[in-house]
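Below you'll find the structure, written out as structure tokens, and then a few comments.
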Amino acid sequence: MAHSLEVPVDGSSPAAPAVVDRRIRHGTPAFRRTNLALFSSGFATFGLLYCVQPLMPAFSREFCVDSATSSLSLSLTTAVMAVGMLFAGAISDAFGRKPIMLVSLLSSSLLVLLTAVSPSWALLLTARALLGVTLAGLPAVAMTYLSEEVHGESLGFAMGLYIGGNAIGGMSGRLISGFTADHASWRVAVGVIGALGLLAAFLVAKGLPASLHFEKRRAHPRALISTFAELLKDKGLPWLFAEGFLLMGAFVTIYNYVSYRLLAPPFSLSQSHVGAIFMVYLIGVGASAWMGSLASRLGRGRVMWTTLVMMLAGVALTSSNSLWAIVIGIALITFGFFGGHSIASGWVGMRAKHTKAHASSMYLFSYYMGSSIAGSLGGVAWVHAGWLGVALYVAILVAAGLGIALKLRHLKPVAA
21 MAHSLEVPVD GSSPAAPAVV DRRIRHGTPA FRRTNLALFS SGFATFGLLY
71 CVQPLMPAFS REFCVDSATS SLSLSLTTAV MAVGMLFAGA ISDAFGRKPI
121 MLVSLLSSSL LVLLTAVSPS WALLLTARAL LGVTLAGLPA VAMTYLSEEV
171 HGESLGFAMG LYIGGNAIGG MSGRLISGFT ADHASWRVAV GVIGALGLLA
221 AFLVAKGLPA SLHFEKRRAH PRALISTFAE LLKDKGLPWL FAEGFLLMGA
271 FVTIYNYVSY RLLAPPFSLS QSHVGAIFMV YLIGVGASAW MGSLASRLGR
321 GRVMWTTLVM MLAGVALTSS NSLWAIVIGI ALITFGFFGG HSIASGWVGM
371 RAKHTKAHAS SMYLFSYYMG SSIAGSLGGV AWVHAGWLGV ALYVAILVAA
421 GLGIALKLRH LKPVAA
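Below, the structure written as structure tokens:
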């Protein structure tokens, strides 16, 4: 409907109607509702995804598989999830952001409940592979929702809070599953996480505001391929995609195999104690929000490289035989990882002005392929060279990421 203009009685030109920016800003009720809903969705996503990580030694014992094979319970999920994310953005373009996120959470929670009662290793892996399909509909779409609905001045903070929810979910999934497995069984542990996923789905359904800046578009395969090709021509986006691969690859390798090290002599910790160490994930909550906000003020290129330096220092500390040094090292790796991921993911959204959903999908494809490929290769390093092999392998990944971060310092912003 056209807007009518009222002609002033003095004959002067009519004033143009004011353009009202309806994007969500920090400090408003809509901002609080949005962040609560997406914090809950991030919590559930990463709880459902990573609850198996501290249980890998239990899988090795029950199903008689080695550490590298046991890691398939996670790497298979992330590999399927990575591929699914390439299409999640296009599907949400056709059906809307909130409906896709809600269906993703509900179906994923049900699959995790199925995992809890799987009688064989093959069925467990099948359920975890299907989980990769259903979970793909949430992370990329959630990031796109934020970049569309939240004002640019508040986006860094909002993205940081969402990733903070990811951190809390990842920590809680590991902590709850480790503690419950010690006092009941790994099956009960996984079932509890599935139930929490259903609760998060309810919170998203009730609390997430409807999209106001979403434009429905039909998905065309050729157009999708063309869009991805255009993204790869950008001077910064391919490097940011590679950074996501390296960040996640390094991080998940540490968390995959540190349980094997700490459960064995000379530490001989219980499953509950190993799970408690994952409380350093709380550091990721502060890191993601604070580093995201700091990067918005000082410039992403000026801040990102510091997160990789922190990770390198942390990897060095994990090589110690002191439990406290290992915990501090894991804390530094966690802080650096979540800070770097927050900066990189926000940077992708800023550079991809008109293809945010596809850019987020491509970034998360690279990110989770890092988890799958690098995480599995880390198991080979563990089997053949122990923790020193794992630490050296991760240090190489982080050093490559540092090189990219230093290169990105000179990246010029895209034209408005």
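Residue numbers (the working numbering): 21 to 436. Positions of the beta carbon are idealized from the N, C-alpha and C atoms, including for glycine.
Straight-line spacing of the CA atoms in Val294 and Leu244 works out to 43 Å. Pro49 sits exposed, since fewer than 16 C-beta atoms from the chains shown fall within 10 Å of its C-beta. For Ile393, there is no enclosing alpha helix (DSSP H), since its DSSP letter is neither H nor E. By the Cβ-count criterion, Ala204 is exposed, with fewer than 16 other Cβ atoms from all chains shown falling within 10 Å of its own Cβ. By alpha-carbon distance to Gly152, the top candidate from Pro433, Gly104 and Pro229 is Gly104. The three-state reading of DSSP puts Val212 in helix, counting H, G and I together. Sorting Ala364, Gly321 and Pro139 by C-alpha distance to the C-alpha of Ser308 places Ala364 at the top.
Of the candidates Ser95, Trp367, Val347 and Arg52, the residue whose Cα lies closest to the Cα of Asp254 is Trp367. Pairing Leu318 with Arg117, the inter-Cα distance amounts to about 31 Å. Taking 9 Å as the cut-off, the Cβ atoms of Leu56 and Gly227 count as close. Judged by DSSP in its simplified three-state form, Val170 adopts strand. Here Pro433 is exposed: its Cβ has fewer than 16 other Cβ atoms, across all protein chains shown, within 10 Å.
Contact between Leu251 and Ala147 does not hold, since the beta-carbon distance rounds to 33 Å and is not under 8 Å. In this model, Ser91 and Leu352 are separated by some 23 Å (Cα to Cα). Here Phe51 really is in contact with Ser174; their C-beta atoms are around 7 Å apart, less than 8 Å. Scanning Met191, Thr273 and Leu332 for the CA closest to the CA of Gly390 turns up Thr273. The bridge partners DSSP lists for Ile44 are Val170. About 4 Å separates the beta carbons of Leu158 and Ser124, which is inside the 8 Å limit, making them a contact pair. Annotation: the continuous alpha helix (DSSP H) that includes Leu267 extends over Leu257 to Leu283.
Inter-segment contact for the region 214-224 and the region 83-101 is absent: fewer than three beta-carbon pairs are separated by less than 8 Å. Rounded to whole angstroms, Ala78 and Trp206 show a C-alpha spacing of 7 Å.
Membership of Lys432 in any alpha helix (DSSP H) is not indicated, and neither H nor E is assigned to it by DSSP. With 16 or more other CB atoms across the displayed protein chains lying within 10 angstroms of its CB, Val210 is buried. The alpha-carbon of Ala377 is positioned some 35 Å away from that of Ile297. Per the C-alpha coordinates, the member of Val161, Phe248 and Leu384 positioned closest to Ala262 is Leu384.
Exclusion of the five residues before and after Val329 leaves Gly356 and Leu422 as the residues of its chain whose Cβ lies within less than 8 Å of its Cβ. In this model, Leu302 and Ile188 are separated by some 6 Å (Cα to Cα).
DSSP places Asp113 inside the alpha helix (DSSP H), whose first and last residues are Leu92 to Phe115. Separation of Val403 and Arg281 (C-alpha to C-alpha, rounded to the nearest whole angstrom) is 11 Å.
Around the beta carbon of Val100, 16 or more other beta carbons lie within 10 angstroms, which makes this residue buried. Note on geometry: alpha-carbon atoms of Ala270 and Ala110 lie some 29 Å from one another. Take the alpha-carbon of Ala315 and the one of Ser340: they are about 32 Å apart.
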